[in-house]
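**Q** Below are the structure tokens for one structure; questions will follow.
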Amino acid sequence: MTSTPDLAGKLALVTGASRGIGYEIALQMAAAGAHVIAVARTVGGLEELDDKIKAAGGEATLVPLDLKDLEAIDRLGGVIAERWGKLDILVANAGILGALTPVGQMKAKDFEAVMTVNVTATWRMIRSVDPLLRLSEAGRAIVVSSSVAHKVKPYWGGYATSKAAIDMLTRVWAAENAKGPMRINLVNPGPTRTAMRAQAVPGEKPESLPTPAQTAAKIVPMAAKDLTHTGKIFDVPTDTWTDAALPTPL
Ligand code: NAP
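Just so you know, this note's numbering puts 174 at position 174 of the sequence shown, and the rest follows in order with no gaps.
This is how it looks when you write it as structure tokens:
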């Protein structure tokens, strides 16, 4: 999937839009015509995004928000309902790596942080905007996962558990909506040149990895009106759609 869909007139909410993959998804969706609601904590990153979107003739609304503030996520759904009355696209992209450490030594605050941002806030965002996506003629949800959701990788217990959890959450949500016009899918972006990847694999040469813009270009078509897949995982590195894989053996 590489062709950019026409998103003119669409309203897209992108979390984690201040840098990395989410920033580029927001930029590319705005270039395709969507009004982007950009969510993250870092105001500087959001403002830079806004400048770029406006310079290209697009539109954005910035929402500086810490996703750990779960009630603020509920309020955001209310604000979108009042101002626009619907939502066409959700990109639940924000995430943290957390601490890479043996399960038996993980600090409670580290485990709680990764589960709150990656799982609870994602569910809370889904709950907040689900009624608004139903009001769209073709609601699209893209939930950003990872290959480690299905890999048994020592020291990655917190992050991998959080991604396995949102995989199941997303697939159940998709199954509940299988008959309507909504399309709800997961994406594995694959290794991408971002701050998170540098934190995860510090010795790696960044130039060896795809840029966030390259990865985003493969994700944005998942918002297309004519998309038929739902409840699936789009795997960016192999450019293929799959059903959720079973965990690989030890
Ligand atoms: P990144 O560069 O670290 O960006 C993460 C984004 O999430 C930032 O915009 C950050 O914004 C936002 N975020 C984090 N905590 C937040 C919070 N509490 N409240 C609001 N926003 C928050 O990471 P990335 O590599 O682009 O990752 C994007 C997604 O892809 C993640 O879900 C990640 O798990 C997944 N992924 C990435 C790779 C890779 O190789 N890069 C591979 C597989 C999966 P603020 O800090 O400004 O709040």
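Cβ coordinates follow ideal geometry from the N, Cα and C atoms, glycine included.
Owing to the predicted nature of the structure, the values given are computational and were not obtained by experimental measurement.
(1) For the region 165 to 182 against the region 203 to 222, are there 3 or more C-beta pairs whose distance is under 8 Å?
(2) How long is the line joining the alpha carbons of T230 and M182, rounded to whole angstroms?
(3) Do the CB positions of P237 and L209 come within less than 8 Å of each other?
(4) Select from L70, V103, S18, I96 the residue whose C-alpha is nearest the C-alpha of T61.
(5) Could you check what DSSP says for W156 in three-state terms: helix, strand or coil?
(6) Three Cβ pairs or more, each shorter than 8 Å: is that satisfied between the region 30 to 37 and the region 2 to 22?
(7) In three-state DSSP terms, what is H35?
(8) Under DSSP, the alpha helix (DSSP H) around P64 begins and ends at which residues?
(9) Per DSSP, what kind of secondary structure is W241 in: helix, strand or coil?
(10) Quick check on V201: does DSSP put it in helix, strand or coil?
(11) Please determine whether the Cβ atom of K205 lies at a distance below 7 Å from any heavy atom of the ligand NAP.
(12) Note down the Cα distance separating I184 from R140, rounded to an integer number of angstroms.
(13) Spatial neighbours of R124 within its chain, please: CB distance less than 6 Å, with the 5 preceding and 5 following residues excluded, ordered by chain position.
(14) Confirm the yes/no value for this check: CB of I21, any heavy atom of the ligand NAP, distance under 7 Å.
(15) Rounding to the nearest angstrom, what Cα-Cα distance links G22 and N93 in this structure?
(16) Using the rule of at least 16 other Cβ atoms within 10 Å of the residue's Cβ for burial, across every protein chain shown, is R193 buried or exposed?
(17) If you draw a straight line from the C-alpha of N118 to the C-alpha of V91, how long is it?
(18) Give the straight-line distance between the Cα atoms of S146 and A160, rounded to the nearest whole angstrom.
(19) How many Å lie between L67 and V148 at the Cα?
(20) Bridge partners for D235 per DSSP, in chain order?
**A** Let me spell this out:
(1) no
(2) As a first step, residue 230 is located in the sequence shown; it is residue number 230 there, counting from the start. As a first step, residue 182 is located in the sequence shown; it is residue number 182 there, counting from the start. Looking at the two C-alpha atoms, the distance is approximately 8 Å.
(3) Residue numbering aside, residue 237 sits at position 237 when the sequence shown is read from its first letter. Residue numbering aside, residue 209 sits at position 209 when the sequence shown is read from its first letter. Going by C-beta atoms, P237 is not nearer than 8 Å to L209.
(4) The sequence position of residue 61 within the sequence shown is 61, counting from 1. Comparing Cα-Cα distances from T61 to each of L70, V103, S18, I96, the minimum goes to S18.
(5) Here residue 156 refers to the residue found at position 156 of the sequence shown. Reduced to three states, the DSSP call for W156 is coil.
(6) yes
(7) As a first step, residue 35 must be located in the sequence shown, where it is residue number 35. The answer is strand: DSSP assigns H35 an E or B state.
(8) Here residue 64 corresponds to residue number 64 of the sequence shown, with the count starting at 1. P64 -> not in any alpha helix (DSSP H); beta strand (DSSP E) instead, spanning 59 to 64.
(9) Within the sequence shown, numbered from 1, the residue matching residue 241 stands at position 241. Three-state DSSP puts W241 in a strand.
(10) Here residue 201 refers to the residue found at position 201 of the sequence shown. If DSSP states are grouped into helix, strand and coil, V201 belongs with coil.
(11) In the sequence shown, counting from the first residue as 1, residue 205 sits at position 205. No, the ligand NAP has no heavy atom inside 7 Å of this Cβ.
(12) Walking along the sequence shown from the start, residue 184 turns up at place 184. Walking along the sequence shown from the start, residue 140 turns up at place 140. Answer to the nearest angstrom: the Cα atoms are 6 Å apart.
(13) The residue given as residue 124 occupies position 124 in the sequence shown. So the list reads L70, I73, once near-sequence residues are dropped.
(14) As a first step, residue 21 must be located in the sequence shown, where it is residue number 21. Yes - the ligand NAP has a heavy atom lying nearer than 7 Å to the Cβ of I21.
(15) Within the sequence shown, residue 22 is the residue found at index 22, counting from 1. Within the sequence shown, residue 93 is the residue found at index 93, counting from 1. Rounded to the nearest angstrom, the two C-alpha atoms are 6 Å apart.
(16) In the sequence shown, residue 193 corresponds to position 193, counting from 1. Classification of R193: buried, given that the 10 Å Cβ count is 16 or more.
(17) By one-based count along the sequence shown, residue 118 stands at place 118. By one-based count along the sequence shown, residue 91 stands at place 91. Going by the C-alpha atoms only, they are around 13 Å apart.
(18) If you number the sequence shown from 1, residue 146 lands on position 146. If you number the sequence shown from 1, residue 160 lands on position 160. Roughly 8 Å separates the two Cα atoms.
(19) Sequence index remark: in the sequence shown, residue 67 carries index 67 (1-based). Sequence index remark: in the sequence shown, residue 148 carries index 148 (1-based). Near 22 Å, if we compare the C-alpha coordinates of V148 and L67.
(20) Here residue 235 corresponds to residue number 235 of the sequence shown, with the count starting at 1. As DSSP reads the structure, D235 sits in a beta bridge with N188, T240.
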